[in-house]
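Report on the structure given below.
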Amino acid sequence: MKILIRYCLSYSLFYSALVGAHAQLDVRVQHINDLLTHDLNAQLASQTNHAPLLLQRGELHSENHHWDLAMHDFQSAMVITDDASLRVDIWYYMGRMRLQSGMPDEAHKLLSKVIELDPSYKSARLNLARTYVELNDYRTAVDEMDIFMSLLSRPTPDQYIERANMAQLIDHDGQGIVIEGLNEGVNQLGPIVSLVALLVDSYIEQGKHEEALRVIELLPHEINSLPRWQLKKGDIYQESKQYLDADTAYNNGLSRINLMPEHRRLTPAVQSLKSQLEAKLNTQ
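Residue numbers -23 to -1, 1 to 261, in mature numbering (1 follows the signal peptide of the UniProt record, and there is no 0), belong to the letters of the sequence shown in order.
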């Protein structure tokens, strides 16, 4: 009964948050409706004021997955504006909406038009790369992602990881592209854990154990000495048949756990790591 109550409470909280989010969107849509109605009543529905409001309302409809309403607003805004910059934005939002609604062919046409009009439109480049993934053209997706990232002053770790995930889908030499791109990320941003973890796994997948160990050592000592990284190092040594080094790494991981305060040591995650390290040692 307690489990059921907790489940119902959790679902209730989730549903309340979901309803709240939609309610906020509905309020914002109504606000724009009021502005548009006021313009019409006051006979001030000029192209200058009206088109941006329609674009904003279209974006909100798109967030609500009201695709037809969104497209109607986007197209209406396009008809009444001569502002070249605003028209490019409308093409972009239409393209992004088509991608989100599962129509990558249409998204490709619309986003390609944006880039034709403005080659440096960063968000269009990013969404076009994602569109190529949906079209199963993974190499072109990576190429487009390269262009997008070149337009940024400092790409984020998530962007390097997204590009790596695209490259992993490429047949034959995809893993090599993954490694090259992640090394670029580590060189540009430093040894960020999320990048290092993916790069290490990529090297392991290719059987490049020395390279994997080299990348782990790029992490600060207080990071790479943590139990999870000692477990990873031990596994790499084990695969390389360096059993003494593997044994040392597993024991180092256990030692770090034993030095933890009790409230941390007894958490499920740490206990799971401890069990894995002990199991590894028992098979040596």
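Cβ coordinates follow ideal geometry from the N, Cα and C atoms, glycine included.
Complete alpha helix (DSSP H) runs within the region 138 to 167 (minimum length 4 residues, chain order): 151 to 166
So T58 is in the alpha helix (DSSP H); what residue range does that whole segment cover? Indexing the sequence shown from 1 puts residue 58 at position 81. First-last for T58: undefined, no H or E at that position.
Rounded C-alpha distance that separates R73 from I154: As a working mapping, residue 73 is identified with position 96 in the sequence shown. As a working mapping, residue 154 is identified with position 177 in the sequence shown. Between R73 and I154, the C-alpha separation is close to 27 Å.
In angstroms, rounded to a whole number, what distance separates the CA positions of A141 and L258? Counting from one through the sequence shown, the residue named residue 141 turns up at place 164. Counting from one through the sequence shown, the residue named residue 258 turns up at place 281. Taking the straight line from one Cα to the other gives about 34 Å.
What are the boundary residues of the alpha helix (DSSP H) that includes S232? For the purposes of this step, residue 232 is taken as residue 255 along the sequence shown, with counting starting at 1. Per DSSP, S232 belongs to the alpha helix (DSSP H) from Y220 to N235.
N-terminal and C-terminal residue of the alpha helix (DSSP H) that D178 is part of: Working through the sequence shown from its first residue, we reach residue 178 at position 201. Counting along the chain, the alpha helix (DSSP H) containing D178 begins and ends at V170 to E182.
Three-state secondary structure assigned by DSSP to T244: As a first step, residue 244 must be located in the sequence shown, where it is residue number 267. It is coil, neither helix nor strand.
Would you mind reading off the limits of the alpha helix (DSSP H) that contains K209? Taking the first residue of the sequence shown as position 1, residue 209 is located at position 232. Counting along the chain, the alpha helix (DSSP H) containing K209 begins and ends at P204 to E216.
Using only the alpha-carbon positions, how far apart do T244 and R205 sit? Reading the sequence shown from its first residue, position 267 is the one you call residue 244. Reading the sequence shown from its first residue, position 228 is the one you call residue 205. Taking the straight line joining both Cα atoms gives about 14 Å.
Would a C-beta distance cut-off of 8 Å place S202 and R233 closer than the cut-off? By one-based count along the sequence shown, residue 202 stands at place 225. By one-based count along the sequence shown, residue 233 stands at place 256. A contact, by the Cβ cut-off of 8 Å.
Just to confirm before moving on: does the CB-CB distance between A174 and M143 stay below 8 Å? Reading the sequence shown from its first residue, position 197 is the one you call residue 174. Reading the sequence shown from its first residue, position 166 is the one you call residue 143. The answer is no: Cβ separation not under 8 Å.
Please report the straight-line C-alpha distance between Q52 and M122, rounded to a whole angstrom. Taking the sequence shown and counting its residues from 1, the one referred to as residue 52 is at position 75. Taking the sequence shown and counting its residues from 1, the one referred to as residue 122 is at position 145. Their Cα atoms are separated by approximately 28 Å.
Would you mind sorting A256 into buried or exposed? The rule is 16 or more other CB atoms within 10 Å of its CB. The residue you call residue 256 lines up with position 279 of the sequence shown. With fewer than 16 Cβ atoms within 10 Å of its Cβ, A256 is classed as exposed.
If we ignore side chains and look at the alpha-carbon of each, how far apart do Y109 and Y115 end up? For the purposes of this step, residue 109 is identified with residue 132 of the sequence shown, where counting begins at 1. For the purposes of this step, residue 115 is identified with residue 138 of the sequence shown, where counting begins at 1. So the two alpha carbons sit approximately 6 Å from each other.
Please state whether DSSP places S130 in a helix, a strand or coil. As a position in the sequence shown, residue 130 is number 153, starting the count at 1. Secondary structure of S130 (DSSP, three-state): coil.
Could you name the residues of the same chain whose beta carbon sits closer than 6 Å to that of M71, not counting the 5 residues immediately before and after it, in chain order? Your numbering for residue 71 matches position 94 in the sequence shown. If we look at M71 and ignore the five residues flanking it on each side, its Cβ neighbours are F51 and L87.
How long is the line joining the alpha carbons of N235 and I181, rounded to whole angstroms? Along the sequence shown, one-based indexing puts residue 235 at 258. Along the sequence shown, one-based indexing puts residue 181 at 204. Cα to Cα, N235 sits roughly 29 Å from I181.
For N41, three-class secondary structure by DSSP: Indexing the sequence shown from 1 puts residue 41 at position 64. Three-state DSSP puts N41 in coil, outside helix and strand.
Beta-carbon proximity check, S179 vs I156, cutoff 8 Å: Looking up residue 179 in the sequence shown gives position 202. Looking up residue 156 in the sequence shown gives position 179. Yes, the pair counts as a contact, with Cβ atoms nearer than the cut-off.
Does the beta-carbon of R191 have 16 or more other beta-carbons within 10 angstroms, so that it is buried, or is it exposed? To locate residue 191, count along the sequence shown from 1; it is residue 214. The C-beta of R191 has fewer than 16 other C-beta atoms within 10 Å across all chains shown, which makes the residue exposed.
K251 and L231 closer than 8 Å at C-beta: For the purposes of this step, residue 251 is taken as the residue at position 274 of the sequence shown. For the purposes of this step, residue 231 is taken as the residue at position 254 of the sequence shown. Yes, the Cβ-Cβ distance between K251 and L231 is below 8 Å.
Would you check if the distance between the CB atom of P81 and the CB atom of L112 is smaller than 8 Å? By 1-based counting over the sequence shown, the position of residue 81 is 104. By 1-based counting over the sequence shown, the position of residue 112 is 135. Their beta carbons are under 8 Å apart, which means P81 touches L112 by this criterion.
May I have the straight-line CA-CA distance separating M48 from S97, to the nearest angstrom? Taking the first residue of the sequence shown as 1, we reach residue 48 at position 71. Taking the first residue of the sequence shown as 1, we reach residue 97 at position 120. Computed Cα separation, rounded: 24 Å.
State buried or exposed for N229, treating a residue as buried only when at least 16 other CB atoms are found within 10 Å of its CB. Mapped onto the sequence shown, residue 229 falls at position 252. Classification of N229: buried, given that the 10 Å Cβ count is 16 or more.
Selection from D150, R107, L103 and I147 that minimises the alpha carbon distance to S127: In the sequence shown, the residue the question calls residue 127 occupies position 150. The candidate whose alpha carbon is nearest that of S127 is L103.
8 Å is my cut-off, CB to CB: does D114 come that close to chain D? Absent here is chain D; the protein component of the structure consists of one chain.
Backbone secondary structure at Y70 - three-state DSSP: Numbered from 1 along the sequence shown, position 93 holds the residue referred to as residue 70. In the structure shown, Y70 sits in a helix (DSSP, three-state: H, G or I).
Residue from H42, H186, I67 and G184 with nearest C-alpha to H79: Position 102 of the sequence shown holds residue 79. Note that residue 79 is Gly in the sequence shown, not His. Comparing Cα-Cα distances from G79 to each of H42, H186, I67 and G184, the minimum goes to H42.
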